[in-house]
Amino acid sequence: MKYEIYTFIRNDYYISHYIYKNSTLFYIMIYNIIVAACNNNGIGINNTIPWYSLEDMRHFSYMTKGGGNNAVVMGHNTWQSIPDNKKPLANRENIIISKNRSLVINGCTVKHSISDVINHLNESTCDVCWIIGGQSIYEQFLNTGLISTIIITRIKEEHDCTVHFPEIPPRFELTSTKKLGGTPHFIEYYVYF
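Residue 1 is where the sequence shown starts when you use the UniProt record's numbering, and the numbers rise one by one after that.
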């Protein structure tokens with residue numbers, strides 16, 4: 001046998017993989033998606049989120065921070081939509097994807113393509129990479145086949161959004177849901193593996 005794959009479950013959502021090959025243990029980066037979307041899969045209007053849910057923001061922060069050694073990947077528009085007093089997102093490596101080759105953002109890593117991000121993370125010591133938007137970045141990462149887990153916060157409202165979360169590929173199965181009804185926006189969390 002040339003290699004063996006070991007899977008370790010760290011908590012409800014983190015799964016890390018190691019490959020043992022030729023007496024050497026190699027770590028494989030885990031890529032997950034996290035997103036909040038309304039009933040029609042809308043995720044934004046004019047570079048803003050059309051709802052505010054403190055509960056979901058706490059959930060997002062908790063999941064993406066993990067043990068403090070995670071990365072978040074986003075497009076430049078998503079970066080611009082984050083309030084200035086929250087930039088960069090604390091205790092995570094912030095990776096911004098932009099076609100602008102002269103773009104420099106203090107406290108962040110700027111890359112110019114999905115493959116640039118993957119190459120960068122292959123050399124990093126991050127535990128988990130969270131893809132946080134927007135629409136094009138989600139689509140591109142889903143097309144790589146690298147995504148392990150998708151966590152969707154479903155905002156149980158309708159919004160006339162201009163950007164949407166793409167259809168979930170059939171290889172993913174819904175593995176758990178959690179309903180929170182005591183919040184201003186009735187929300188449900190969906191986890192797909």
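Cβ atoms here follow ideal geometry from the backbone N, Cα and C, with glycine treated the same way.
Under DSSP, the alpha helix (DSSP H) around residue i begins and ends at which residues?
i: Val117; result: 114–122
i: Asn70; result: First-last for Asn70: 70–75, but that is the beta strand (DSSP E), not the alpha helix (DSSP H).
i: Ser61; result: 54–65
Would you call residue i buried or exposed, if buried means 16 or more other Cβ atoms sit within 10 Å of its Cβ?
i: Gly75; result: buried
i: Ile45; result: exposed
i: Ile135; result: Inspection of the sequence shows that residue 135 is occupied by Gln rather than by Ile. Per the 10 Å Cβ criterion, buried.
i: Lys178; result: exposed
i: Ala90; result: exposed
i: Ser102; result: exposed
i: Glu173; result: exposed
i: Ser176; result: exposed
i: Ser138; result: Per the sequence shown, the amino acid found at residue 138 is Tyr instead of Ser. Label assigned to Tyr138: buried.
i: Gly42; result: buried
i: Val104; result: exposed
i: Glu4; result: Note that Glu4 scores a pLDDT of 36, beneath 50, so its modelled location is shaky and nothing firm can be said.
i: Thr78; result: buried
In the DSSP assignment, what residue or residues form a beta bridge with residue i?
i: Ser176; result: Val191
i: Gly44; result: Val163
i: Lys111; result: Ile97
i: Val128; result: Ile30
i: Ala90; result: In the DSSP output, where bridge partners are listed per residue, Ala90 has none listed.
i: Val35; result: Ile152
Please report the residue range of the beta strand (DSSP E) in which residue i lies.
i: Ser136; result: Note, Ser136: premise wrong, no beta strand (DSSP E); alpha helix (DSSP H) at 135–144.
i: Ser148; result: 147–155
If contacts are defined as beta-carbon pairs under 8 Å, then residue i and residue j qualify, I think. What distance do you get, rounded to the angstrom?
i: Leu142; j: Pro170; result: Rounded, the Cβ-Cβ distance is 12 Å, inconsistent with contact.
i: Thr64; j: Ile132; result: 7 Å
i: Ile150; j: Trp51; result: No, Ile150 and Trp51 are not in contact; Cβ-Cβ is about 20 Å, not under 8 Å.
The stretch 61–77 / the stretch 185–192 touching (three or more Cβ pairs under 8 Å): no
I want to know whether the stretch 46–66 touches the stretch 106–118 - three or more CB-CB distances under 8 Å. no
Any chance the stretch 33–42 sits against the stretch 160–169, with 3 or more Cβ pairs inside 8 Å? yes
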